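Engineer: Residues -21 to -1, 1 to 923 (mature numbering (1 follows the signal peptide of the UniProt record, and there is no 0)) make up the sequence shown, in order.
Glycine included, C-beta positions come from ideal geometry on N, C-alpha and C.
Note that the structure is a prediction, hence the values are computed from the model and not measured.
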Amino acid sequence: MRTEITSFCAVLVISVFSTSAATSVFGDVFAWGVSSAAYQIEGAWNADGKGPSIWDEFTHKRGGDNGDDSADGYHRYRDHVMHLKELKVNHYKFSISWSRVLPDGTISSRNNAGIEYYKNLVAELSSNGIEPVACLYQHDLPAALQKYGGWMNETTIDLFETYSRMMFTELGNSVKLWITMTSPWNDAFRGHGDGSFAPGISQPETAPYIVAHNLIRAHSRAYHAYKEGHPQGKIGIVLNTDWQKPAAAADTDAATRGMQFSLGWFAQPIFGNGDYPEVMKTRIDTSSPEGKSRLPTFTSQEITQNRGSSDFFGITKEKLTLSVVDNNNNMPPSVGYMKDMGIRGTVIKSSEGDISDLLLWIKNTFNNPVIHMLDAGLSGCGTLYDEDRLQAMKQTIADLRTAVSRGIRLAGYFAAQLLDGFDWTEGYKVKYGLYHVEFGNKERLQKASARYYLTLIQHQGNEFDYPKYFVPEVIRQKNDFLRAKFPPDFTWGVATAAYQIEGGWNADGKGPSIWDTFAHDNRLAYSQTGDVACDSYHKYREDVQNVKRLGVSHYRFSIAWSRVLPDGRVTSLNKAGVDYYNNLIDELLANGITPMVTLYHWDLPQALQDIGGFQNASIADYFNDYARVCFEQFGDRVQLWITFNEAFVVSWLGYGIGVFAPGINSPAEGVYQVAHNIIRSHVKAYHTYDKLFKPHYHGKVGITLDSDWKEPATSSAMDRYAAERALQFKLGWFANPIYGNGDYPAVMKQYVGMKSREEGRNSSRLPVWSEEEIKINKGSYDFFGLNHYTTQYVVDNHDNRFTYEGDQDLYTKVDDCWPGSRADWLKVNPWGLRSLLRWIRDRYNNPPLYVTENGFGDNGELDDQGRISYYRSYTNEMLKAIHHDQCNVKGYMAWSLMDNLEWTSGYTIKFGLYSVNFTDPNRPRTIKESGKFFTQLVHDNGYN
């Protein structure tokens, strides 16, 4: 499984103004805020006269992700302010795109549309009681200036001052807190040393020092320009550093040197004596050509201007923490910033107290300034339930409480970032936002960390027990691997389906099914068919041996209705077909394997489809007749019967949108009528067995229903209602009549009825059960069969379509963090299975349940580690459901025994524990690594 954590970033701003008497540890005038940066969220890279920045050119040249569109903050700033208001923050730090207001970087290119955008943003913030914190520069230099050397050219200092003065004039009456630049170390070393940042220059010997020199001078000039006209406002700089710890006592000087080279490089001129740290000057002078240091020199006037040129101190704690060793004697012979520093740092996990220790170092070095902490955050892959980030925020706040107790004056905390956006080095692979962004439609969804931060603010930063709905229990426990055994009588098995494996499509009197017709009409990938498939019609004995080798006790297979009754009617009974299944059942029993038989796995006889199939009410009688034949022919040896497999798929994919056989498109009415007739068919067959065969054979009959887990995308009441509604429309549609009160879910009746009336109908498109039908529906089961593969998040959303999907008024999405599979619909999210089992337990009185399908699709590789990971994680969540939640799970059937025809995907997706060579007429089977894993799991009956 992909890890969610990638890096940790904390930004601190230290202010020279003090706090008043506090009612909490942080003070009652504490600043709570969030932050963002223009290039990362604004998008609109060339809109309304904006000029290109170095990041536009850098990403366009590099290819891949870019910030051209990003979170579209340029057009959706009001939405951003709405989210800020939801969080109840009182400050918002944003950066101004220099090339949006001055497209070529010079005052002559003034762009009023860009200036107006920032005026509107500031006005919107102010009208909502949120204090704007404006940063003049965060990495995105106008590309036009880079043509003349950018920050390597001293004239950029003058242009930055001019740009700054313009923005002070335009926004100075509304913005009282300014940042000149954020993380200039990145511009100096990453932009000009190793080239990983724009503008992508790699000249580590001299360029970083020249750029840093000019950035410091530009900052100082902007600071003094602001103070000339705005003596009451505050302006400062945000610096960035790693926190560096000595690996051993002998490395203490090296760690201090590392801090001076990273943080002191910029901090000492601004917050110290106005000049570079002595250790930097000494070491760089020593390795420079005689008579000319690679480290530029400040004039005496510049030293005076530098010193104290900040009303607050910003510090970004980059990544994690470095364990530092002295590396003076092992540096490469080349000259450059890293060699000058002479240390080697190993990234280690941040520990409790690291932030407090960093603040203490700043306190001792820079005379205990007041601190505003900005941009603290843990990046991840973008999950909505970002428990790891939430815990990191808790630890950060705990560290800040410790810092206050150590005499550090703390006045504010700003979380990073408001929204998922473009990450400087990782593009959209990592996410920092409190709000998730769907980059396709720009929809924003609140994450768990946002809910935590909101509540933290409401508690004034004091410790609190956050409610369970922040992150549901199942998700909080997703990484807790349970080492335990399944119950002693737990059933392990594998599953297949007739059309997918049997072949022999017209052998020995078999009639055509709707899937034969559908495939022969070239509706499957690459015009493939199930005519031969795995040829199990002829190779069933080999299949049974492969089942036996896995050590399982059960084999779930389906009967092809048209093999037993070629035209679907009892008058067409085909002895050869009956013999085939008798032989298969006998072979299984002879090898100690219990058959679990599915009567209908989607392959309706074509002859019955010709009279309407499941849209024809008489199908219930035909199905009952067919079921009775099977009970008569095989009931003496089959104890577990499943009437239908995945009734939803038949109804919606087969008769609703027509992408599966029989290809009928009736998404408004037909889909509901088909479902109604399937339930009628199941109920009739169940009672036939219960009355006529159960007294003799003592078997059990159930139905297999498929469902993804539906998790609310946010904790809002509307999304929670929508998630429940989605489950009722998907699973409850069939389960409630059988396992519940005998009728359709109330929410289905309500919504379909409402939508039908809106459509102008006099009655609902959802059929109505009679009182007698409700009575016989209710309890028509001996067990619950569940097929489960994946999960979706659910968002409440009005839908204007008058269809089964439109009736639900919602949409679904998947998590950015869930790994994919060869099947585009299957995202791996193991905790969804446990959640679904708990839901069934609570809704239907904890019925005996078999997981009748669960599996992973890939390209068919023998070393199928993805499938192993899938089975391991999903079965462990099932184990938790049994041990922790008392879910009445009786067995698990892995999908599938072997690679087979994956319906309309043909042979392009493989789910098997055994590989099948479909290019060989003999269809040889080969066990995969997952087959070996599953064998061991069955043998151990759990995890030791």
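Please report the Cβ distance between T159 and I86, rounded to the nearest whole angstrom; I am assuming they are in contact, meaning their Cβ atoms lie under 8 angstroms.
Structural biologist: So it is not a contact: roughly 18 angstroms between Cβ atoms.
Engineer: For R462, which residues from the same chain have a beta carbon less than 6 angstroms from its beta carbon, with the 5 sequence-adjacent residues on both sides left out?
Structural biologist: Taking R462 as the centre and dropping the five residues before and after it, the same chain places the C-beta of Y922 closer than 6 angstroms to its C-beta, in chain order.
Engineer: Who are the near neighbours of D722 in its chain, counting only those whose CB is closer than 7 angstroms to its CB and skipping five residues on each side?
Structural biologist: N715, P716, W748 and I753
Engineer: Just mark R535 as buried or exposed, buried being the case when its beta carbon has 16 or more other beta carbons within 10 Å.
Structural biologist: Label assigned to R535: buried.
Engineer: For R904, which three-state DSSP category applies?
Structural biologist: strand
Engineer: Does the Cβ-Cβ distance between V304 and A233 come in under 8 angstroms?
Structural biologist: yes
Engineer: Secondary structure at F291, three-state DSSP: helix, strand or coil?
Structural biologist: strand
Engineer: Do you know offhand how far S302's Cα is from I327's?
Structural biologist: Using only the alpha carbons, I get a separation of about 7 angstroms.
Engineer: In chain order, what residues of the same chain lie with their CB nearer than 6 angstroms to the CB of S289, ignoring the 5 residues before and after it?
Structural biologist: G215, I216 and I249
Engineer: By the 10 Å Cβ neighbour count, where 16 or more other Cβ atoms means buried, how is Y97 classified, buried or exposed?
Structural biologist: buried
Engineer: How would you write the range of the beta strand (DSSP E) that T278 sits in, first residue to last?
Structural biologist: Run containing T278: none; DSSP gives neither H nor E here.
Engineer: Check whether the Cβ atoms of P826 and V773 lie closer than 8 angstroms to each other.
Structural biologist: The Cβ-Cβ distance between P826 and V773 does not fall below 8 angstroms.
Engineer: Tell me the DSSP secondary structure of F240 in three-state form.
Structural biologist: helix
Engineer: Can you give the Cα-Cα distance for E832 and D333, rounded to whole angstroms?
Structural biologist: 48 angstroms
Engineer: Using 8 angstroms as the cut-off, can you tell me whether the stretch 433 to 450 makes contact with the stretch 546 to 557, which would need three or more C-beta pairs spanning the two stretches below that distance?
Structural biologist: no
Engineer: Could you compute how far the alpha carbon of K911 sits from the alpha carbon of K489?
Structural biologist: 36 angstroms
Engineer: To the nearest angstrom, how far is it from the Cα of K679 to the Cα of N901?
Structural biologist: 36 angstroms
Engineer: For Y448, which of D221, Y364 and F393 has the nearest alpha-carbon?
Structural biologist: Y364
Engineer: So the alpha helix (DSSP H) T220 belongs to, where does it begin and stop?
Structural biologist: Counting along the chain, T220 falls outside any alpha helix (DSSP H), though it belongs to the beta strand (DSSP E) covering K213 to P225.
Engineer: Output needed for E784: all residues of its chain with C-beta closer than 8 angstroms, excluding positions within five of it in sequence on either side, in chain order.
Structural biologist: The answer, listed in chain order, is P646 and D778.
Engineer: Is the stretch 733 to 749 in contact with the stretch 643 to 660, if contact means three or more CB pairs nearer than 8 angstroms?
Structural biologist: Yes, the stretch 733 to 749 is in contact with the stretch 643 to 660.
Engineer: Measuring CB to CB, does L568 end up less than 8 angstroms from R616?
Structural biologist: Yes, they are a contact pair.
Engineer: Just to confirm, are V154 and E103 a CB contact at a threshold of 8 angstroms?
Structural biologist: No, these two residues do not count as a Cβ contact at 8 angstroms.
Engineer: Take V731 as the anchor and find which of Y718, H118, W340 and W712 has the nearest alpha-carbon.
Structural biologist: W712
Engineer: What residue range is occupied by the uninterrupted beta strand (DSSP E) comprising D264?
Structural biologist: No beta strand (DSSP E) contains D264, which is instead part of the alpha helix (DSSP H) from E257 to S266.
Engineer: At which residues does the alpha helix (DSSP H) containing W712 begin and terminate?
Structural biologist: W712 to Y718
Engineer: Check whether the Cβ atoms of K527 and N562 sit closer than 8 angstroms, and answer yes or no.
Structural biologist: no
Engineer: Under the DSSP definition of a beta bridge, which residues are partnered with P121?
Structural biologist: S32
Engineer: Give every residue of the same chain whose Cβ lies closer than 6 angstroms to the Cβ of Y18, excluding the five residues on either side of it in the sequence, and list them in chain order.
Structural biologist: Exclusion of the five residues before and after Y18 leaves W34, G46 and D119 as the residues of its chain whose Cβ lies within less than 6 angstroms of its Cβ.
Engineer: Taking only the alpha-carbon atoms, compute the straight-line gap between A427 and T693 and give it to the nearest angstrom.
Structural biologist: 8 angstroms
Engineer: Which partner residues does C114 have in the DSSP bridge list?
Structural biologist: S74 and I158
Engineer: Which full runs of the alpha helix (DSSP H) of 4+ residues lie inside the stretch 830 to 908, going along the chain?
Structural biologist: 844 to 862
Engineer: Tell me the rounded alpha-carbon separation between R286 and N343.
Structural biologist: 17 angstroms
Engineer: How close, in whole Å, do the beta carbons of G84 and G52 come, if the pair is a contact with beta carbons under 8 angstroms?
Structural biologist: That pair is no contact at about 22 angstroms.
Engineer: Sorted by chain position, which residues of the same chain lie with C-beta nearer than 6 angstroms to I480's C-beta, five sequence neighbours on each side aside?
Structural biologist: So the qualifying residues of the chain are A512, C513, S515 and N879.
Engineer: What's the gap between the Cα of R704 and the Cα of G386?
Structural biologist: 53 angstroms
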